[in-house]
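Please read the structure below before turning to the comments.
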Amino acid sequence: MTALNKIPVVKKWLFTLLIILLVGAAIVWYLFTLKHDDTATVKAQFTVEAVPFLKEFENDMNLANKKYADKMIAVNGTIAEIEMADTTANIKMSDTTNGAYIIFAFQQQHLPDAKTLKVGDKVSIKGVCSNGAFSSILETNYVTFNRCAINK
7 MTALNKIPVV KKWLFTLLII LLVGAAIVWY LFTLKHDDTA TVKAQFTVEA VPFLKEFEND
67 MNLANKKYAD KMIAVNGTIA EIEMADTTAN IKMSDTTNGA YIIFAFQQQH LPDAKTLKVG
127 DKVSIKGVCS NGAFSSILET NYVTFNRCAI NK
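Following this line, the structure appears as structure tokens:
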């Protein structure tokens, strides 16, 4: 093959590589700009009570994580603690017998609803279960939720 014959082959490979890079960049852009549905409008896959839900994680953390992780769940319970900031709110429900807790991180558009809550209120909160884990510092189990809203 002569040098003149190699030029069209190299151009084809460069063109193919450019197309692959453009498609890859388009996919990455799509994934990074993807918006989640508003939690308030999404139907919960599970509706649970806070303390029995925590007991499931206490009994078998791996099985509970497989069952609930990345699922929309409505949790009914009593508010144990509230942490408010300018742009976020974290609501906590806990099991008073062993200190295990669930922490709900509220979406910004649902902050006004979260700010009306008080410690001791019975409430239903809907969100996406991130996972359950054991805190070696606090020596207790906890479950985290993201994109939360009050379940009405």
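With the sequence shown counted from 1, adding 6 to any position gets you our numbering. Where a beta carbon is used, it is the ideal one built from N, C-alpha and C, also for glycine. Computed from a predicted structure; not experimentally measured.
As assigned by DSSP and simplified to three states, the class of residue i
| i | result |
| --- | --- |
| residue 87 | strand |
| residue 150 | strand |
| residue 72 | helix |
| residue 156 | strand |
| residue 138 | strand |
| residue 108 | strand |
Residue span of the alpha helix (DSSP H) that contains residue i, given as start and end
| i | result |
| --- | --- |
| residue 61 | 56-65 |
| residue 120 | 117-120 |
Residues near residue i by beta carbon distance below 7 Å, same chain, minus five either side
| i | result |
| --- | --- |
| residue 141 | 148 |
| residue 23 | none |
Inter-residue Cα distance where the pair is residue i and residue j
| i | j | result |
| --- | --- | --- |
| residue 116 | residue 21 | 48 Å |
| residue 2 | residue 66 | The first residue shown for the chain is 7 and the last is 158, placing residue 2 beyond what the model contains. |
| residue 91 | residue 59 | 27 Å |
| residue 111 | residue 129 | 15 Å |
| residue 105 | residue 151 | 17 Å |
According to DSSP, residues forming a beta bridge with residue i
| i | result |
| --- | --- |
| residue 130 | 82 |
| residue 53 | 80 |
| residue 95 | 90 |
CB contact below 8 Å: residue i versus chain C
| i | result |
| --- | --- |
| residue 26 | Among the chains of the structure shown, chain C does not appear; only one protein chain is present. |
Close Cβ partners of residue i (< 8 Å) along its chain, the five nearest in sequence each way excluded
| i | result |
| --- | --- |
| residue 45 | 78, 113, 116, 132, 133, 134, 153, 154, 155 |
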